[in-house]
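Visitor:
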Amino acid sequence: MVMDAFIEGSDGVFVGACKRGECHYSSGNLYAEGKMDLTRRLMRLAGINAGRLGMRMMSSAEGNKFTEFATAFQAEITELGPLGRSEGISKEDLAIKLEACRRALAGRKLRWVVGKVVEFKEKGNLYGEVFTEHEIGRLLEETAMDEYRLREILERLKVKPQSVKTLASETGTPAKVLLRQMADLRKMGLADIQELDGDSAVWALAGNGKTYE
Amino acid sequence: MSDPSARREVVVVGGGVSGLKAAIEAADQGASVTLVEESPFLGDLLLKEGRIPPDGFPSLCLSSKLINRVVHHPGIRVLTNSSVKRVSKTDGGIKVSLKRWPARVNEACNACGECLMVCPIKPYDRFNEGLMLRTAIDFAGPRDFGGIYNIEKETPACQEKCPVHIDIRKYVGLIAGGRYEEAIKVVRDKNPLPAVCGRICPHPCESVCNRGRQDEAVAIDALKRFVSDYEIAQRQAGKFVPPKPKKDRKIKVAVVGAGPAGLTVAHDLALEGFRPTIFEAESVPGGMLHLGIPEYRLPRDIIMNDVAYIEDLGVEIKYNTPLTKKFTVDDLFKQGYKAIFMGVGAYEGLKMRVEGEDEYEGFLDCIKFLKRVNLGDKSKPGDKVIVIGGGNSAIDSARTAIRLGCDEVTLLYRRSRKEMPANSWEIDAAAEEGVKIHYLAAPVKILGKQGKVVGMKCTRMRLGKLDASGRRRPIPIEGSEFEVEADLIVPAVSQRPDISFLPEEHGFEISRWNSFEVDTSTGATNRPGIYSGGDAVTGPATVIEAIQAGHIAASAMKEYLSQP
Amino acid sequence: MSKRKKKGSGDSRASGDGPRIGVFVCNCGTNIAGFMDTEDVAGYSATLPNVVFVRENLYSCSEAGVNDIKQAIIDNKLDRVVVAACTPRTHEPTFRAACKDAGLNPYHFEFVNIREHCSWVHKEDRDLATLKARDLIRMGVARSAYLEPMEPIIGNVVERALVVGGGISGMTAALELAARGFEVVLIERQKHLGGLVKSLYEIYPWGEKAADYINGLASRVERNSKIRVLKACEVTDVRGYVGKYEVTVSSGDETVVAGIIVVATGARPLLPEGMFGHDSRRVITMLELEAMLLRSRSRRKKVVLMGCAGARIPGRFYCSRICCMTAIKNAIIMRKKWKADVTVLYRDLMCYGVQNETMLVDAKKAGVRFINYSLENPPVIEKDTVTVSSEILGRDLKVPVDLLVLSTPLVPQDTNVALSKILKVPVDEYGFFLEAHVKLRPLDFATDGIFVCGTARWPASIRECLEQAIGAASRASTYLARGEVEVEPIVSVIDEEECRGCGLCVALCPYGAIELIDTEKGKKARTIDVACKGCGTCGATCYRHAIRMKHYSDEQLGAQIRAAFVKDP
């Protein structure tokens, strides 16, 4: 939903939540915080200023705080200007990057990982290994990076089939890393080599439009 | 069908093509077959090879047929992920003990493939030289039959290396998160002497720590010391709740020796609801921890704290109660103890086998020397002291001699510093404190006057080829002899168990090193109900190894005592 | 995407004509109309898609306004009603009822807040407020098109109450509930009933012996045939939901099934470890003084009572509320009984209420000295004297002492956090239980059917404990007496076709409101409607997108978001 707002043209999204431990839905605000944290990670990966997604926690009795936050946030966003401008991203690129973020967030992998965070921190995984804050952060960052790259490749291939080299220059990901990702995509049946253009292979979406949710 | 009264149970080890075929053959003949395969899937090499020479017959056609028959054969039970642990003879048969690795993907798996899609862990893909991405969860074998999902799970290097496999990753992480109480519980789960180990464990874990490749290993041992200190503080503040042992089983168990192995056994058995009593020859607990290790390395209140924890579990320690020729293990059985653990340690110093060793006065082997000091005799043993050996007890002896005010302390070691088994930081400290260390030097002859030691003739050595211990063998350099003055010589060559307390007809199998012969997987001696471990079995070794031996023996003793 | 289309097919838009939306713009007197051009807003609303009727009311919530809405629904065959007025907190029920009366499903009503969210916060800019009101209404209208009809969920209530804690609050609540004819199970952690009050001497302001009172109460509880008392027993696990909580207790394998739960676990006085030289002999706590008075043998001549020992300090900011009165009560007792010199050191004195203030006057009359001190200059305690720097006199006073009594604050029970996790109710930053709303629902938890009373919430006097206990029992009775609960149908719905039974949602649900059931097609998750609060955690987690939230579906919120960014002509 937050990504939808950006896609629809919002330049900033502000999420207000209850204070920790005061959530009407018990611990919902903590889950929300986790999700917002992840969303910001993805925005950073996409090269979008993560400050455009603001989240503040306050109690329902703290109207003054809300005013303060809202005013400050508005000022921040006004200074940043329209989405993409301060980041130096073109409109077409922005659309691709936002869609990649949206799909990554709605995708099964990140949902699984985020869904397991609380369990991993409290009860531990299948082997009873409890994760520390640091480990969770690293896991999330790695997964988010992986997912984001994959989604961005898919989005770009959707526009037009292209080679790893051009993809690398468009996404800013090193070609070496990208190649591995392409092999992975091929294994998953999502992309394949369409034709050879001289020395380089041109990749295209595969699987009869089967999309990776 | 053959004679139905005959036992027709067959175990086939190995799930390759021969194993599969053998299982089918045996089962077809009416035997009930158990097929044991170490990997998670059947078929072995056949599956990996695409075609079979010489004619290039597709291997799947063969293996899938075999696997299908095996899997659906009513007479065959397939145990994958299992390995043979022990084979022993029983009445008219063979008993095979298996170890089953936990099936990480359990029977509920319906091969939906979701896991492959979402697994966030991407280990290095060795098979493709890192060119592909792969996931920690994997699919092995043909997709349509016999294939199986499995998780590649690595034990962290430190945990793997630790003799008692403490979940180091977890407790270090918990400490990082400020969850100290949980952290100490994790340590205690595997190590009943955390405060002691926090100080003197040689921490093999740190030597394999991956971080060490970057800069320095994580200070695992110091962190253990930190949480154990935290526990001590909690204890002193009266905020500590000792764990509750399981239901009292009202079974008495005797543990001989309150060293680390014995304490571990008593600790484990007490938690399981047994009633262990420790018989200790000396007036203090801890064994070598107390008698062998100098106080500057291991403060006594630290030992007492760990011991107090074990006593809180209901373990009774009887001091000054050695086993003797008149008070034997048989007497313990008569007193109603159902099982006995012999944790008597290794207290007999070995001789150097040097000329003149038996002629003069002025010898004190390192264990006797350290024991004397550690039991309170702080008098100066001599003016000029030579210590011979390169282990921790040699260094301990030398540093202790310095502390007692000896004028000159010389340490001789026949190999170079690199081969020296003592902890490197101990060697540095000894040199810092003024111990003169001669590497590549060995005694040749003891010099004496009027029946007393006055010095020692030594020779320089060089290192030759590798010997049986894997170290380079020292060879004397001819004509390099030199003399060192001394009025006390402390041999710290090695120790072996002192079994002089055993009566003539003790019935134990004893090795030529005077140690107890045991089944290493259980710690059981040849006498039923009697177990042993620690230095008494291995000769001088580390605390953490003694703890490991204690755990092994305790779990075997529990099994033994639980038999009806 | 195909999925979206499928879900959208339930609404009447699919029937061909599209929904018929009515928009009502409330002026709220001048509260709204005073700060924006409501006429413009109403006119704009009429231009929005599917809007067939617009009306501006002076007060939509008035009898006239409501009748207007009803009439409009009938006359114009409206099937969606959007009211742009104030907050749903106040009038949502009113307008839903109006819809229902006019034959429209009450959940076909959409509330747009143009007062709190608009006119009040943009008082200084009339034009901007008008534009924002247009935006808000456009968003509300967009969402309303996707609203679905829903029926309230009804669940049965087991006519039994569980009271946790056998102190004065718990026992009182139990007796109250029993008096209303309900079965009660009372769980007490200790081996005997009575709680903290049992160790007190006399109770203010009556001067009654605490033991007499509490023992009387305990025996009434024990004799009551409706109440079953489980002593030396703790709650170890709670499953279920309002109407049917299944509670596992530590005393055995027994499971207590109860419709509601009252939490009355009390509090304990802070142990002043190392504070002010506390040694339990010359420096004691107020509770130790009570014990001393009970024993009545030992008596001291020079007593100093010190307030706020460990309370209202950085890190423990709150006032323990009962200490001042307790100190004054005991000062009077020691004055009379021991003929002692009594000095009370205080930072602030709080003797709220009529009787308590009278007690303060009595204490002064009886010759108790009161000296004020500050947090910055705490009293210095030596062997025979206490030196206090008086705020009022501006100089140090030396007070001879042979007994120093520390008023330490009540602090939460150590078990609160564990219990809060079991019950899935919150605790505050100190570890006291936290009610649903300080003013609107002071005795309820946010979780339906669980109530709190007594010092489990805050330090409270005996009188307040009794009031709260009676109040909590009364709140609980409303559920028990009705025999059934009506729950808002804003719950999650799980598409069994899509669900893979992975259990992620089950693990995450803060209310235990999702269960895995065995079906022909394997394990599937299913929402327990009565227990679901509609928080959406499951929906946001499901990797299959198989869970959707009723009344807050992706289509509804998506429509709202899209509408927010539509550029006006």
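Chains as they are written, first to last, in the working numbering: chain W, -3 to 209; chain L, 21 to 584; chain Y, 22 to 590.
Don't be surprised by glycine CBs; every beta carbon is placed ideally from N, CA and C.
Remember, predicted model here, so these are calculated numbers, not experimental data.
Out of ARG159(Y), GLN376(Y), LYS153(Y), which has the shortest C-alpha to C-alpha gap to ILE53(Y)?
Guide: Nearest C-alpha to ILE53(Y): LYS153(Y).
Visitor: Decide if LEU227(Y) is buried, meaning its Cβ has at least 16 other Cβ atoms within 10 Å, or exposed.
Guide: Contrary to the premise, residue 227(Y) reads as Trp rather than Leu in this sequence. Label assigned to TRP227(Y): exposed.
Visitor: What residues from chain Y crowd round ASP0(W), counting only those whose CB sits closer than 7 Å?
Guide: By Cβ distance, chain Y contributes GLY579, ILE582.
Visitor: Please name the residue in ASP288(L), ARG295(L), LEU194(L) whose C-alpha comes closest to that of GLN568(L).
Guide: Selected option, being the one with the closest Cα: ASP288(L).
Visitor: Could you tell me the boundaries of the alpha helix (DSSP H) in which LYS117(W) lies?
Guide: Taken as a continuous stretch (DSSP letters only), the alpha helix (DSSP H) holding LYS117(W) covers 104 to 118.
Visitor: Quick one: list the residues of chain A neighbouring LYS105(W), beta-carbon separation under 9 Å, in chain order.
Guide: As a matter of chain content, chain A is missing from the structure shown, whose protein chains are W, L and Y.
Visitor: Using DSSP bridges, identify the partner residues of LYS230(Y).
Guide: In DSSP, LYS230(Y) forms a bridge with GLU223(Y).
Visitor: Near ALA552(Y), what residues of its chain come up, given a Cβ to Cβ distance below 6 Å and the 5 sequence neighbours on each side ignored?
Guide: Closer than 6 Å at the Cβ level, and outside the excluded window around ALA552(Y), lie TYR262, TYR532, ALA534.
Visitor: Cα separation between THR364(Y) and GLN254(L)?
Guide: About 37 Å.
Visitor: Going by DSSP in three states, CYS526(Y) sits in which element: helix, strand or coil?
Guide: In this structure, CYS526(Y) counts as helix in the three-state DSSP scheme.
Visitor: Got a sec: is the Cβ-Cβ distance from LYS190(L) to anything in chain W below 7 Å?
Guide: Cβ-Cβ to chain W under 7 Å: yes for LYS190(L).
Visitor: Along the region 125 to 143 of chain W, what residues have a CB closer than 9 Å to any CB found in chain L?
Guide: The region 125 to 143 of chain W vs chain L, Cβ under 9 Å: GLU125, VAL126, PHE127, THR128, GLU129, HIS130, GLU131, LEU135, LEU136, GLU138, THR139, ASP142, GLU143.
Visitor: For GLY280(Y), which of GLU505(Y), ASP516(Y), ARG181(Y) has the nearest alpha-carbon?
Guide: Of the listed residues, the one whose Cα sits closest to GLY280(Y) is ARG181(Y).
Visitor: For ALA450(L), is the classification buried or exposed, using 16 other Cβ atoms within 10 angstroms of its Cβ as the cut-off for buried?
Guide: Buried: at least 16 other Cβ atoms inside 10 Å.
Visitor: Taking C-alpha atoms, which residue in CYS478(L), LEU390(L), LYS438(L) lies nearest to THR430(L)?
Guide: When only C-alpha atoms are compared, the closest one is CYS478(L).
Visitor: With a threshold of 8 Å, are at least 3 pairs of Cβ atoms found where one atom belongs to the region 227 to 241 of chain L and the other to the region 266 to 281 of chain L?
Guide: Judged by Cβ distances under 8 Å, the region 227 to 241 of chain L makes no contact with the region 266 to 281 of chain L, as fewer than three pairs qualify.
Visitor: Using the C-alpha atoms, what's the distance from CYS530(Y) back to ARG318(Y)?
Guide: Their backbone Cα atoms lie some 57 Å apart in a straight line.
Visitor: Tell me the residue span of the alpha helix (DSSP H) that contains THR111(Y).
Guide: Note, THR111(Y): alpha helix (DSSP H), 109 to 122.
Visitor: Does GLY570(L) come within less than 7 Å of chain W when only Cβ atoms are used?
Guide: Judged by the 7 Å Cβ criterion, GLY570(L) is not in contact with chain W.
Visitor: Assess contact between the region 171 to 191 of chain L and the region 559 to 566 of chain L, defined as three or more Cβ pairs (one per stretch) separated by less than 8 Å. Is contact present?
Guide: The answer is yes - the region 559 to 566 of chain L touches the region 171 to 191 of chain L, with three or more Cβ pairs under 8 Å.
Visitor: Quick one: which chain Y residues come within Cβ less than 9 Å of TRP199(W)?
Guide: Within 9 Å Cβ-Cβ: nothing; TRP199(W) doesn't reach chain Y, min ~24 Å.
Visitor: Beta carbon of LEU486(L): closer than 6 Å to some heavy atom of the ligand PLP?
Guide: Only the bare structure without any ligand can be found here, which leaves the ligand PLP out of the picture.
Visitor: Under 9 Å Cβ-Cβ, which residues of chain L neighbour ALA171(W)?
Guide: Those do not exist, as ALA171(W) stays about 13 Å from chain L at its closest Cβ, beyond 9 Å.
Visitor: Tell me, please, which residues DSSP counts as bridged to TRP199(W).
Guide: GLN158(W), ILE189(W), per the DSSP bridge assignment.
Visitor: Output, in chain order, the set of chain L residues within a Cβ distance shorter than 7 Å of ALA68(W).
Guide: Under the 7 Å cutoff, chain L gives no residues; its nearest Cβ is about 32 Å from ALA68(W).
Visitor: For LYS391(L) and ARG295(L), what's the separation of their Cα atoms in angstroms?
Guide: Looking at the two C-alpha atoms, the distance is approximately 30 Å.
Visitor: Could you name the residues of chain Y that VAL114(W) contacts, counting a contact when the two beta carbons are closer than 9 Å?
Guide: Per Cβ cutoff of 9 Å: ALA528, LEU529.
Visitor: Just checking: is the beta-carbon of THR540(Y) within a distance shorter than 7 Å of some beta-carbon in chain W?
Guide: So no, THR540(Y) is outside the interface.
Visitor: Where does HIS223(L) land, buried or exposed, given buried means 16+ other C-beta within 10 angstroms?
Guide: The residue in question, HIS223(L), is buried, as its Cβ has 16 or more Cβ neighbours within 10 Å.
Visitor: CYS19(W) by DSSP, collapsed to three states: which one?
Guide: Here CYS19(W) sits in strand by DSSP.
Visitor: What in chain W is Cβ-close to CYS556(Y), meaning under 7 Å?
Guide: Going along chain W in sequence order, the residues near CYS556(Y) (Cβ under 7 Å) are TYR21, GLY24.
Visitor: Do MET346(Y) and CYS372(Y) come within 7 Å of each other at the CB atom, strictly closer than that value?
Guide: Yes. Within cutoff.
Visitor: Answer with yes or no whether the minimum CB distance from VAL109(W) to chain L is below 7 Å.
Guide: Chain L contact via Cβ: present.
Visitor: Following the continuous beta strand (DSSP E) through GLU204(Y), name the residue where it begins and the one where it ends.
Guide: 204 to 208 is the span of the beta strand (DSSP E), which, as asked, contains GLU204(Y).
Visitor: Out of curiosity, what's the CA-to-CA distance linking SER165(W) and ARG182(W)?
Guide: Those two C-alpha atoms are separated by around 20 Å.
Visitor: Thinking C-alpha only, which one of GLY24(W), GLU151(W), GLN158(W) is nearest CYS97(W)?
Guide: Checked all of GLY24(W), GLU151(W), GLN158(W); the closest Cα to CYS97(W) is GLU151(W).
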